[in-house]
Amino acid sequence: MTVPGLTGGNITSLAAGYYHSLALLSNGTVESWGRNIEGQLGIGSVTNQDQASTVTGLRGVVAVAAGNTHSLALLADGTVKAWGSNGSGQLGDNTVATRTTPVTVSGLTNVEAIAAGSAHSLAVLADGTVKAWGTNGNGQLGDNSLTQRNTPVTVTGLANVRSVAAGNAHSLARLADGTVWAWGYNAQGQLGDNSLTQRLTPVKVDSITTAREISAGIHHSVARLADGTVKTWGYNAQGQQGDGTLTNRPAPITLDGATNIRAISAGHYHTLVLDRDGKVSAVGYNNNGQIGDGTTANRTALTTPVNSLSSISLIAAGGEFSLAG
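Heads up: take any position in the sequence shown, counting from 1, add 1441, and you land on the working numbering.
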């Protein structure tokens, strides 16, 4: 379906939360739609929206990220704005107050990339270090503690980071050398270090040396490699790793059938990939039709192509829905 009120020709990026969506437009503004009970749409109210509305007061945005019920925007000046749920400090404004319009994340400058987890947030700085804030009950902030942080703290021991991804209670970082590092909750193997041990500081994901993109679901992780193949690891109870099983994987495996891939996105329990021909494929949980194959049956093998999609350049996997543009 087409999103009402959204002009598709000028969308440069998409982000999907649990039940809300963000679209970054080429003019540097942001459109939002979906559930809004925590103000995650940033429109000054908590009214759900079934068509796109403009996020209040944002200009010069270059990237967006959507958590469960909070949202982030990176501005061209290197600062970060946040809005929505804040009960765990995930907005980083040194409060736990819900915000229905964007506020500035405290103390952040020179930011180059952002990510939003269920209730925590990450930012990569120009110097290659990573800042984190929000809930930390499983060490997902990577500061060697379990202490909630209402303002950004530095993730321990990381340098030369290029991008980050955030799941429910784990975090990922992709380094300039193509390796991936992970920290936080690990009961399903989502850290990819061939263990189930929670980590309060980053550990290296096994066997990945050429990563070009990373994404995190609730409890699984995905990496796109330089050769256009995809690795997955962690939770697999809905088949989101595409290996034909429901077996959790504590170390990376190859996503069968994923070749010539240009983009990836991990939803709560499903995985999307976009190939260089503009076709979208999907695997995993499908209770609400998020695989897009015209059914609600879970898929343990990559389903390609998703019905009626072609010439796609952008994808985003949400809680139980998918976006493509």
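Glycine residues also receive a C-beta, built at the ideal position from the N, C-alpha and C atoms.
On a predicted model such as this, the values are computed, not experimentally measured, just so you know.
CB contact below 9 Å: residue i versus chain E
{"i": "residue 1658", "result": "Absent here is chain E; the protein component of the structure consists of one chain."}
Rounded separation between residue i and residue j - CA only
{"i": "residue 1489", "j": "residue 1759", "result": "16 Å"}
{"i": "residue 1692", "j": "residue 1446", "result": "42 Å"}
{"i": "residue 1762", "j": "residue 1724", "result": "12 Å"}
{"i": "residue 1661", "j": "residue 1673", "result": "7 Å"}
{"i": "residue 1472", "j": "residue 1463", "result": "6 Å"}
{"i": "residue 1670", "j": "residue 1701", "result": "6 Å"}
{"i": "residue 1694", "j": "residue 1456", "result": "26 Å"}
{"i": "residue 1638", "j": "residue 1573", "result": "21 Å"}
{"i": "residue 1648", "j": "residue 1542", "result": "42 Å"}
{"i": "residue 1634", "j": "residue 1676", "result": "14 Å"}
{"i": "residue 1579", "j": "residue 1636", "result": "15 Å"}
{"i": "residue 1534", "j": "residue 1617", "result": "30 Å"}
{"i": "residue 1587", "j": "residue 1625", "result": "10 Å"}
{"i": "residue 1772", "j": "residue 1659", "result": "Here the chain has residues from 1442 to 1766 only, and residue 1772 is not among them."}
{"i": "residue 1536", "j": "residue 1559", "result": "18 Å"}
{"i": "residue 1748", "j": "residue 1696", "result": "20 Å"}
{"i": "residue 1730", "j": "residue 1459", "result": "15 Å"}
{"i": "residue 1719", "j": "residue 1753", "result": "4 Å"}
{"i": "residue 1668", "j": "residue 1476", "result": "37 Å"}
{"i": "residue 1453", "j": "residue 1478", "result": "26 Å"}
{"i": "residue 1487", "j": "residue 1509", "result": "15 Å"}
{"i": "residue 1643", "j": "residue 1665", "result": "20 Å"}
{"i": "residue 1500", "j": "residue 1524", "result": "15 Å"}
{"i": "residue 1568", "j": "residue 1522", "result": "20 Å"}
{"i": "residue 1526", "j": "residue 1653", "result": "31 Å"}
{"i": "residue 1646", "j": "residue 1619", "result": "11 Å"}
{"i": "residue 1663", "j": "residue 1467", "result": "27 Å"}
{"i": "residue 1735", "j": "residue 1609", "result": "28 Å"}
{"i": "residue 1632", "j": "residue 1640", "result": "8 Å"}
{"i": "residue 1737", "j": "residue 1683", "result": "16 Å"}
{"i": "residue 1611", "j": "residue 1498", "result": "31 Å"}
Residue i in three-state terms, based on DSSP
{"i": "residue 1451", "result": "helix"}
{"i": "residue 1716", "result": "strand"}
{"i": "residue 1444", "result": "coil"}
{"i": "residue 1591", "result": "strand"}
{"i": "residue 1500", "result": "coil"}
{"i": "residue 1560", "result": "coil"}
{"i": "residue 1479", "result": "coil"}
{"i": "residue 1605", "result": "strand"}
{"i": "residue 1761", "result": "coil"}
{"i": "residue 1700", "result": "coil"}
{"i": "residue 1709", "result": "coil"}
{"i": "residue 1492", "result": "strand"}
{"i": "residue 1685", "result": "coil"}
{"i": "residue 1566", "result": "strand"}
{"i": "residue 1575", "result": "strand"}
{"i": "residue 1533", "result": "coil"}
{"i": "residue 1741", "result": "strand"}
{"i": "residue 1828", "result": "Residue 1828 lies beyond the range of the chain shown here (1442 to 1766); nothing can be said about it."}
{"i": "residue 1552", "result": "strand"}
{"i": "residue 1736", "result": "coil"}
Proximal residues to residue i (C-beta, below 8 Å), its chain only, five neighbours per side dropped
{"i": "residue 1520", "result": "1545, 1546, 1549, 1550 and 1552"}
{"i": "residue 1492", "result": "1444, 1445, 1446, 1447 and 1474"}
{"i": "residue 1571", "result": "1563, 1564, 1565, 1583, 1595, 1596, 1599, 1602, 1605 and 1614"}
{"i": "residue 1680", "result": "1686, 1687, 1724, 1725, 1726, 1739, 1740, 1741 and 1742"}
{"i": "residue 1577", "result": "1561, 1584, 1586, 1587, 1588, 1589 and 1590"}
{"i": "residue 1717", "result": "1669, 1701, 1702 and 1703"}
{"i": "residue 1494", "result": "1446, 1472, 1473, 1474, 1482 and 1484"}
Same chain only: Cβ atoms within 6 Å of residue i, ignoring 5 sequence neighbours per side
{"i": "residue 1606", "result": "1556, 1613, 1655, 1656 and 1657"}
{"i": "residue 1750", "result": "1721 and 1765"}
{"i": "residue 1704", "result": "1715 and 1756"}
{"i": "residue 1496", "result": "1471, 1473 and 1483"}
{"i": "residue 1528", "result": "1537"}
{"i": "residue 1629", "result": "1660, 1675, 1676 and 1689"}
Bridge-paired residues (DSSP) for residue i
{"i": "residue 1465", "result": "1454 and 1471"}
{"i": "residue 1660", "result": "In DSSP, residue 1660 forms no bridge with anything."}
{"i": "residue 1513", "result": "1506 and 1523"}
{"i": "residue 1640", "result": "1625"}
{"i": "residue 1615", "result": "1604 and 1621"}
{"i": "residue 1722", "result": "1714"}
{"i": "residue 1675", "result": "1661 and 1690"}
{"i": "residue 1540", "result": "1525"}
{"i": "residue 1652", "result": "1666"}
{"i": "residue 1597", "result": "Answer is none; residue 1597 lacks a bridge partner."}
{"i": "residue 1756", "result": "1765"}
Option in the options with minimal Cα separation from residue i
{"i": "residue 1564", "options": "1542, 1538, 1504 and 1470", "result": "1504"}
{"i": "residue 1621", "options": "1651, 1680, 1593 and 1477", "result": "1651"}
{"i": "residue 1465", "options": "1487, 1510, 1486 and 1514", "result": "1514"}
{"i": "residue 1530", "options": "1592, 1496 and 1705", "result": "1592"}
{"i": "residue 1502", "options": "1481, 1554 and 1611", "result": "1554"}
{"i": "residue 1706", "options": "1506, 1516, 1511 and 1678", "result": "1506"}
{"i": "residue 1469", "options": "1517, 1682, 1461 and 1640", "result": "1517"}
{"i": "residue 1746", "options": "1710, 1539 and 1698", "result": "1698"}
{"i": "residue 1575", "options": "1611, 1540, 1539 and 1532", "result": "1532"}
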